[in-house]
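Enquirer: Count along the sequence shown from 1, add 8, and you get the number used in the numbering used here.
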Amino acid sequence: MPLPQLTASTPTRLIPLRITISLLLSPTIAFSQVPDLTRGGEIPSDDRTRWNLGPTGAKGWIYSNKHTNNARQIAVTEIASNSPATGNLQVGDVIIGIGNSRFTSDARIAYSEAIANAEAGANNGQLNLLVWRANSTIGVSLNLRTMGQYSSTSPYDCPKTAAIFQLGCERIASRGLRSIDIPTSFNALALLASGKPQYRSALEDYARRVSNFSSGSRQTWNYGHAMIFLSEYILATGDTSVRPGLNRIATEVANGQGTMGSWGHGFANHFGMPSGYGALNMAGVQAAIGLVLSHEAGVNNPTVNQAITKLERFFGIYFERGSVTYGDHGYWTDHTTNGKTAAAAVLFDLLRKPAQTEFFSRMTAAGYQEREITYSSLYFRPIWNMLAQSRCGEGMTTACWKEQSWYYDFARKWDGSFDYQPGAKGTSEYFTPTTRWDHTGAYLLTYALPLRSLYITGKQPSSMPPLNSSEISETISAGRGYFQDISEDQGYFPSQSTQTLVNNLSSWSPPLRLRSINELARRQANVYPQILSLLNSSNRYSIMGASLAAAKTNGSPSQKQQAVQKLRNLLSHQNLSVRLMVIESLREIGSYGKAAIPDLISIIRTPTDLTQDPMSLEKRTVSETLFARPHRKPQGLLANRNALLNDISRSDLWETITLGLDDPHGFTRAHYRVVLSQLSLQELGPVHAALKEGITQTALTGVKGVSDLKIEGIGVFVDNLIEDGIDLIVDYA
Numbered sequence: 009m010p011l012p013q014l015t016a017s018t019p020t021r022l023i024p025l026r027i028t029i030s031l032l033l034s035p036t037i038a039f040s041q042v043p044d045l046t047r048g049g050e051i052p053s054d055d056r057t058r059w060n061l062g063p064t065g066a067k068g069w070i071y072s073n074k075h076t077n078n079a080r081q082i083a084v085t086e087i088a089s090n091s092p093a094t095g096n097l098q099v100g101d102v103i104i105g106i107g108n109s110r111f112t113s114d115a116r117i118a119y120s121e122a123i124a125n126a127e128a129g130a131n132n133g134q135l136n137l138l139v140w141r142a143n144s145t146i147g148v149s150l151n152l153r154t155m156g157q158y159s160s161t162s163p164y165d166c167p168k169t170a171a172i173f174q175l176g177c178e179r180i181a182s183r184g185l186r187s188i189d190i191p192t193s194f195n196a197l198a199l200l201a202s203g204k205p206q207y208r209s210a211l212e213d214y215a216r217r218v219s220n221f222s223s224g225s226r227q228t229w230n231y232g233h234a235m236i237f238l239s240e241y242i243l244a245t246g247d248t249s250v251r252p253g254l255n256r257i258a259t260e261v262a263n264g265q266g267t268m269g270s271w272g273h274g275f276a277n278h279f280g281m282p283s284g285y286g287a288l289n290m291a292g293v294q295a296a297i298g299l300v301l302s303h304e305a306g307v308n309n310p311t312v313n314q315a316i317t318k319l320e321r322f323f324g325i326y327f328e329r330g331s332v333t334y335g336d337h338g339y340w341t342d343h344t345t346n347g348k349t350a351a352a353a354v355l356f357d358l359l360r361k362p363a364q365t366e367f368f369s370r371m372t373a374a375g376y377q378e379r380e381i382t383y384s385s386l387y388f389r390p391i392w393n394m395l396a397q398s399r400c401g402e403g404m405t406t407a408c409w410k411e412q413s414w415y416y417d418f419a420r421k422w423d424g425s426f427d428y429q430p431g432a433k434g435t436s437e438y439f440t441p442t443t444r445w446d447h448t449g450a451y452l453l454t455y456a457l458p459l460r461s462l463y464i465t466g467k468q469p470s471s472m473p474p475l476n477s478s479e480i481s482e483t484i485s486a487g488r489g490y491f492q493d494i495s496e497d498q499g500y501f502p503s504q505s506t507q508t509l510v511n512n513l514s515s516w517s518p519p520l521r522l523r524s525i526n527e528l529a530r531r532q533a534n535v536y537p538q539i540l541s542l543l544n545s546s547n548r549y550s551i552m553g554a555s556l557a558a559a560k561t562n563g564s565p566s567q568k569q570q571a572v573q574k575l576r577n578l579l580s581h582q583n584l585s586v587r588l589m590v591i592e593s594l595r596e597i598g599s600y601g602k603a604a605i606p607d608l609i610s611i612i613r614t615p616t617d618l619t620q621d622p623m624s625l626e627k628r629t630v631s632e633t634l635f636a637r638p639h640r641k642p643q644g645l646l647a648n649r650n651a652l653l654n655d656i657s658r659s660d661l662w663e664t665i666t667l668g669l670d671d672p673h674g675f676t677r678a679h680y681r682v683v684l685s686q687l688s689l690q691e692l693g694p695v696h697a698a699l700k701e702g703i704t705q706t707a708l709t710g711v712k713g714v715s716d717l718k719i720e721g722i723g724v725f726v727d728n729l730i731e732d733g734i735d736l737i738v739d740y741a
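(1) Specify the secondary structure class of H696 as computed by DSSP and reduced to three states.
(2) Would the region 151 to 164 count as touching the region 179 to 198 if we require 3 or more Cβ pairs under 8 Å?
(3) Cα separation between Q569 and N534?
(4) G306 and T248 - do their beta-carbons sit closer together than 9 Å?
(5) Is it true that the CB of A558 sits closer than 9 Å to the CB of E519?
(6) Considering only the alpha carbon of each residue, which of G347, A296, R576 and R217 lies closest to A450?
(7) Under a three-way DSSP split, which group does R153 fall into?
(8) Between the region 460 to 477 and the region 352 to 372, do three or more beta carbon pairs fall short of 8 Å?
(9) For the beta strand (DSSP E) containing Y584, list its first residue and its last residue.
(10) How many Å lie between I236 and G338 at the Cα?
(11) Going along the chain, which residues of its own chain have a beta-carbon closer than 6 Å to the beta-carbon of W340, five neighbours each way excluded?
(12) Please go through the same chain and pick out, in chain order, the residues whose beta-carbon is closer than 8 Å to the beta-carbon of E527, but skip the five residues on each side of it.
(13) DSSP on H673, reduced to helix/strand/coil?
(14) Just tell me which of A181, L185 and M290 has its CA closest to the CA of R226.
(15) What does the alpha-carbon distance come out to for the pair Q81 and Q377?
(16) Compare the C-alpha of I391 against each of H581, R587, A353 and L578 and name the closest.
(17) Determine the DSSP secondary structure at F39, reduced to helix, strand or coil.
(18) Rounded to whole angstroms, what is the Cα-Cα separation between T704 and N230?
(19) Can you give the beta carbon distance from T344 to A351, rounded, assuming they're within the 8 Å contact cut?
(20) Mind reading off the beta-carbon distance from K574 to L543? Whole number of angstroms is fine, and I expect it under 8 Å.
(21) State the beta-bridge partners of F279 as determined by DSSP.
(22) Please classify F418 as buried or exposed, where buried requires at least 16 neighbouring CB atoms within 10 angstroms.
(23) Unbroken alpha helix (DSSP H) runs of length 4 or more, entirely within the region 398 to 482: which are they?
(24) What's the C-alpha gap between S495 and I525?
(25) With contact counted as at least three CB pairs below 8 Å, one residue from each stretch, are the region 677 to 687 and the region 639 to 659 in contact?
(26) Taking the alpha-carbon of S425 as reference, which of D55, G62 and M371 has the nearest alpha-carbon?
(27) Leaving out the 5 sequence neighbours to the left and right, which residues in its chain are closer than 7 Å to A813 when beta-carbon positions are compared?
(28) Less than 6 Å between C-beta atoms, sequence neighbours within five positions excluded: which residues of the same chain meet that for I29?
(29) With contact counted as at least three CB pairs below 8 Å, one residue from each stretch, are the region 257 to 274 and the region 315 to 324 in contact?
(30) Which whole-angstrom value is the C-beta distance of A407 and I480, which I expect to be below 8 Å?
(31) Quick one: grab the DSSP three-state call for V84.
(32) With DSSP run on the structure shown, which of helix, strand or coil describes G721?
(33) At the level of alpha carbons, what is the spacing between S546 and M552?
(34) Tell me the DSSP secondary structure of Q265 in three-state form.
(35) Roughly how many angstroms separate the alpha carbons of I70 and E50, rounded to a whole number?
(36) For A432, which residues of its own chain have a beta-carbon under 8 Å away from its beta-carbon, when the five flanking residues on both sides are left out?
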């Protein structure tokens, strides 16, 4: 078998984001002209995005590029039978406005607002559209069901949201709870949340079937939702007849947990590594919620209790650092990530952890512009986002609803069900089986919030105090400026005063801190004295913001040296999040950071307390800071041959490589590939055994990193005719 072609390392915590960025920068997507469909323009052949057009019975295409702000037309591509659009709209029509006026803003939002006005009773429920058909402009009217208007406190104390919820439940009930799967479990949860006695028989039957359910693959996905439903069912009805089935499933899930506290698509192997390529956090966080709820529902055994302790540690690694990532990644610098961060908020609220609940809830609330940035499917976002935001109190929930209600109206179909809504083109979404799922229950849980009938919808009072009006405003403000080309946010950060940007360095929001730092760096503001002062702060957010700002903003050599000394002192800070940011900043600050190499090596030598750092992130971050490959920007402090030979002693280098290659996290080991490309065979001699062990030893997580190291390591052994290379090739094949 020929060796695979060697490729450069991909930044491991940004794999999906790297895919997203490459798509956003693609000339055929990001910089394409908006086609005018009334003048011969055509829908791009590679654009499969089709949106449900609200409760009209129509579907259509809208120009998008991460959002639809530049769209002024809606192409009708499908009409449902017996819907308001039947006999009125036609496939091929282009909706160009509302009433007699053309769209002058985002067509998707303007269209949704017109739906809300019609449903409130305007024009007796008529939605009047301006349509281009057969080279002519005509008026078309659709008769919509009048539902009232959203209240000022919606979704609370709102007859319209209550009516939408009731209609959706009726639709679910009419279809029945046939199969045992993820969308059916969420549909069942919506019926359960209603508390209506007419659904009790169907729910009892579904609960019995789920309690006997067994999954042969993708157990994490399938069992997670089974546990959530069965637990909520027991807690809502008092029917404990299905508890043995819940206990069985919960115990299987607990036994399938990885050593570090996570799950993959399926359960962990006998080495303790999650199946496949490692942790898969969307599946894992919902399995975690299911386990915690099972405990609330009476499952109490040592296996489950130990798993809850481990999952709390694992998902706690993202606290105050950023959003919950796709898998074995450190953290991401967006506010929200397609339901994972939101589900973490619900998880920590169920665990009664107020600080973590507030952080993840506010991150979700501030991510309202980021709702369509995803990898794979957007199915889970509407389930968890509003449930998470509600943990911050009714005021925060109402503020978020005002930002997002149009999106929910756009997804709602004319028969009361909800349809799959794709991510705006250019967001790295690819089409998955979830496009064929019934999404009704996924959306309806938001409308069930006022009932507070389930634990996931707030049956327990939130573990955190409600945010006040100032905190609500600050949270919403933290989400502005994500898209630089949305009109209301265009130039958002450039328009801020320098002092406001400096003040943002102390924000609770990691994305706001980062975006403010980038703007300070762009304008080369003279703020370094303030940054140095913030490094002395007792506020951990200020320290984290100032650490990265010290690395990325303009300062004199003496100021940079002062900053490095302060950063070195902060390497002993009691807060792990602070230490991680400091370590990253020492790499970002460039050659000045080399003064800290002895301190970083000392961290490598210190045994990791996996109860505090279950993903070994501190050593992983140190390894990246030292050895990130030359193509990385910035590269590691020891990423080139000259540095490896002159900036570290031989004994320290060999010890660091040996310890690094023994790390349980595969991504940590992967950073040591730089020595393979920079040092000769003779120079690698002292770490021959460590290298072989590092590329053959199974990782507890981050298997992708081990694979990358293995490919390059085999190449070194083979190129230098080392006998061990033959065994390694056979093992790899």
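All C-beta atoms, glycine included, are put in the ideal place defined by N, C-alpha and C.
Note that this is a predicted model, so its numbers are computed, not measured.
Expert: In short, the structure shows the following:
(1) helix
(2) no
(3) 17 Å
(4) yes
(5) Strictly speaking, residue 519 in this sequence is Pro, with Glu absent from that position. Contact flag unset, no.
(6) G347
(7) coil
(8) yes
(9) This sequence places Leu at residue 584; Tyr is not what is there. Careful: L584 lies outside any beta strand (DSSP E), inside the alpha helix (DSSP H) at L584 to E596.
(10) 27 Å
(11) G330, S331 and T333
(12) F501, P502, Q504 and L509
(13) strand
(14) M290
(15) 21 Å
(16) A353
(17) Confidence in F39 is poor, its pLDDT being 35 and thus under 50, which makes the residue's placement unreliable; the coordinate value appears in the next sentence. Reduced to three states, the DSSP call for F39 is coil.
(18) 32 Å
(19) Contact doesn't hold; Cβ gap of about 10 Å is too wide.
(20) 4 Å
(21) Paired residues: none, contrary to the question.
(22) buried
(23) 402 to 419 and 448 to 455
(24) The predicted position of S495 is uncertain, since its pLDDT is 49 and thus under 50; a value taken from the coordinates is nonetheless stated next. So the alpha carbons of these two residues sit roughly 22 Å apart.
(25) yes
(26) G62
(27) Given a span of 9 to 741 for the chain in the structure shown, any question on residue 813 remains unanswerable.
(28) Low confidence applies to I29: its pLDDT is 30, below 50, so where it sits in the model is not reliable, and the reading given next is rough at best. Closer than 6 Å at the Cβ level, and outside the excluded window around I29, lies no residue.
(29) yes
(30) 5 Å
(31) strand
(32) helix
(33) 11 Å
(34) coil
(35) 11 Å
(36) T57, S72, N73, K74, H75, T76 and E380
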